[in-house]
Amino acid sequence: MKKTAVVILNWNGRQLLEKFIPVVLKNTQHPKVDIIVADNASTDDSVNYLKKQFPQIKIISLEENFGFAGGYNKALAQVDADYFVLLNSDIAPEPNWISPLIDAMENDQKLAACMPKIRAFNNPKEFEYAGASGGYIDVFGYPFCRGRILNHIEEDKGQYNTELPVFWATGAALMIKADLYLNTGGLDESFFAHMEEIDLCWRVKNMGYQIKVIPSSEVLHVGGATLDQQHPKKTFLNFRNNLLMMLKNLSGWRLFIILFVRMILDGVAALHFILKGESKHFVAVFKAHMSFYRLIPDAIRKRKQQRPLRIKSIHKEMYPQSIIWAFYFKKLRKFSQLRHYKL
Numbered sequence: 000m001k002k003t004a005v006v007i008l009n010w011n012g013r014q015l016l017e018k019f020i021p022v023v024l025k026n027t028q029h030p031k032v033d034i035i036v037a038d039n040a041s042t043d044d045s046v047n048y049l050k051k052q053f054p055q056i057k058i059i060s061l062e063e064n065f066g067f068a069g070g071y072n073k074a075l076a077q078v079d080a081d082y083f084v085l086l087n088s089d090i091a092p093e094p095n096w097i098s099p100l101i102d103a104m105e106n107d108q109k110l111a112a113c114m115p116k117i118r119a120f121n122n123p124k125e126f127e128y129a130g131a132s133g134g135y136i137d138v139f140g141y142p143f144c145r146g147r148i149l150n151h152i153e154e155d156k157g158q159y160n161t162e163l164p165v166f167w168a169t170g171a172a173l174m175i176k177a178d179l180y181l182n183t184g185g186l187d188e189s190f191f192a193h194m195e196e197i198d199l200c201w202r203v204k205n206m207g208y209q210i211k212v213i214p215s216s217e218v219l220h221v222g223g224a225t226l227d228q229q230h231p232k233k234t235f236l237n238f239r240n241n242l243l244m245m246l247k248n249l250s251g252w253r254l255f256i257i258l259f260v261r262m263i264l265d266g267v268a269a270l271h272f273i274l275k276g277e278s279k280h281f282v283a284v285f286k287a288h289m290s291f292y293r294l295i296p297d298a299i300r301k302r303k304q305q306r307p308l309r310i311k312s313i314h315k316e317m318y319p320q321s322i323i324w325a326f327y328f329k330k331l332r333k334f335s336q337l338r339h340y341k342l
């Protein structure tokens, strides 16, 4: 059996570690699974706490805060395993969560990555925003989930318990082949945080691999423990990184049309923030575009590097219409209502 490393990235998260590490240890008892905490140069007593309370956990101490993407890249380069599991520090795995993920990877050579079903820690009857039961994007690059469309979150009634291919797996609980992660460069560090896992999944899908959700594996996620959903910095990162992701991964003529439409849609979103009196989010969208323009040369360079590896550009897990239109104008709130989505 191959070796798996569950790696938790920490930054000043003593309270989260105290609350969730015991659950992770209790529910991840497997002979071929190691639990590792990668510390992003915390200034609290996280590391000392771990050393005293959980000496069985390996600690990788990074010299500075490299963010989510950089932190994982630096840490995973030091980990010897066949599979990596990127696990948020605010995740409470359910019992026997790891075995279904390992089995899925072992049984399908074309499977690059997979994820568990994710429910909300504070309301376990509902899916959790960052992943739910599998991630998708629409034709304009807007991400949504099986169980969460935009800000509408469904109750989990078992309606999405089928194991199937998805477009992206959440970085909150992402299992991926270690050699593939390292050989592709891992997460894009220019993203710093947010959507870098979608970018990574898109890259490996373009290489011909599959991503799956394995609902027989379940975890509970707090969400927003590091950066609240309503924080302007999150708005900045989401808008900028979404544009970077599309520039890097969309192929052919579609790129120019979709980027043009997105510029218009982002302008509408910025105007909406102004009308709501949310000037900080308006500024965040403006700054996101300025940052995107500065990063265009780097994104084009990475796009060229990926081109020889791309053997597939059309993915059935990409919704061929606008999820914004479906949500606001057709009033569709559930994934199951997307009738034109042929899986």
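Heads up: the sequence shown runs through residues 0 to 342, numbered per numbering that gives the first Met the number 0. Glycine included, each C-beta is placed from N, C-alpha and C at the ideal position.
Buried or exposed (CB count within 10 angstroms, at least 16 for buried), residue i
i	result
Pro214	buried
Arg306	exposed
Ser312	exposed
Tyr82	buried
Thr42	exposed
Arg202	buried
Glu217	buried
Arg239	buried
Phe401	As shown, the chain starts at 0 and ends at 342. That puts residue 401 outside it, with no answer to give.
Ile97	buried
Asn106	exposed
Ser132	buried
Lys330	exposed
Lys301	buried
Ile101	buried
Trp324	exposed
Leu337	buried
Phe334	buried
C-beta atoms of residue i and residue j nearer than 8 Å
i	j	result
Cys113	Gly130	no
Val284	Ala298	no
Phe67	Gly184	no
Leu61	Ala74	yes
Leu181	Glu196	no
Asp198	Lys247	yes
Ile322	Ile148	yes
Asp137	Gly146	no
Val212	Leu85	no
Pro94	Asn26	yes
Gly69	Glu188	yes
Asn39	Asn72	no
Val46	Ile58	yes
Arg309	Met206	yes
Ile316	Phe166	Here residue 316 is Glu; the residue named in the question, Ile, does not match the sequence. Against a cut-off of 8 Å, the Cβ pair of Phe166 and Glu316 comes out as a contact.
Lys2	Ala80	yes
Tyr135	Gly222	no
Phe255	Ala287	no
Ala119	His220	yes
Beta-carbon proximity list for residue i, same chain, < 8 Å, skipping 5 on both sides
i	result
Ala224	Low confidence applies here, because Ala224 scores a pLDDT of 49, under 50, leaving its location unreliable and the question unanswered by this model.
Asn122	none
Ile257	Val138, Phe139, Gly140, Met245, Leu249
Leu163	Gly133, Lys211, Val212, Leu342
Ile263	none
Lys303	none
6 Å Cβ shell around residue i - same chain, five flanking residues per side excluded
i	result
Phe19	Ala91
Asn160	Pro214
Pro319	Val138
Met0	Lys31
Trp252	none
Asp33	Ala4
Residue of the options minimising C-alpha distance to residue i
i	options	result
Tyr208	Ile7, Ala168, Phe53, Gln304	Ala168
Ile35	Arg261, Ile117, Ala4, Lys204	Ala4
Asn150	Ala172, Phe166, Phe126, Phe235	Phe126
Pro231	Met262, Asn39, Glu277, Ile210	Glu277
Val78	Val22, Ala37, Gly222	Ala37
Cys200	Gly222, His220, Leu173, Val221	Leu173
Gly157	Pro164, Arg332, Ile117, Gly134	Ile117
Asn9	Asp33, Leu24, Leu49	Leu49
Pro142	Asn237, Met289, Lys275, Ile273	Asn237
Pro21	Leu264, Asp33, Gln52	Gln52
Lys344	Arg332, Pro296, Lys279	Limits of the chain in this structure are 0 at one end and 342 at the other, which puts residue 344 out of reach.
Gln229	Glu17, Arg332, Phe272	Phe272
Residue i CB to nearest heavy atom of the ligand FAD below 7 Å
i	result
Arg118	By its list of ligands, the structure shown contains no ligand whatsoever, and the ligand FAD lies outside what it can speak to.
Contact set for residue i: own chain, Cβ-Cβ below 7 Å, skip 5 residues either direction
i	result
Ala111	Ile175, Lys176, Leu179, Val203, Tyr208, Gln209, Ile210
Leu294	Ser189, Leu243
Phe291	Arg239, Leu242, Leu243
Pro115	Trp96, Leu100, Ala172, Ile213, Ser216, Glu217, Val218
Met289	none
Please go through the stretch 223 to 294 and give each complete alpha helix (DSSP H) segment of 4 or more residues, from N-terminal end onward. 231 to 248, 253 to 274
Whole alpha helix (DSSP H) elements within the stretch 43 to 116, 4-residue minimum: 45 to 52, 66 to 75, 97 to 106
Residue ranges of each beta strand (DSSP E) within the stretch 178 to 202, 3 or longer: none
Please specify which runs of the alpha helix (DSSP H), each continuous and at least 4 residues long, are wholly inside the stretch 290 to 341, giving them in chain order. 322 to 327
Ranges of the alpha helix (DSSP H) found wholly within the stretch 3 to 48, counting only runs of at least 4: 13 to 26
Report the start-end ranges of each alpha helix (DSSP H) in the stretch 108 to 174 that is 4 residues or longer and not cut off at the edges. none
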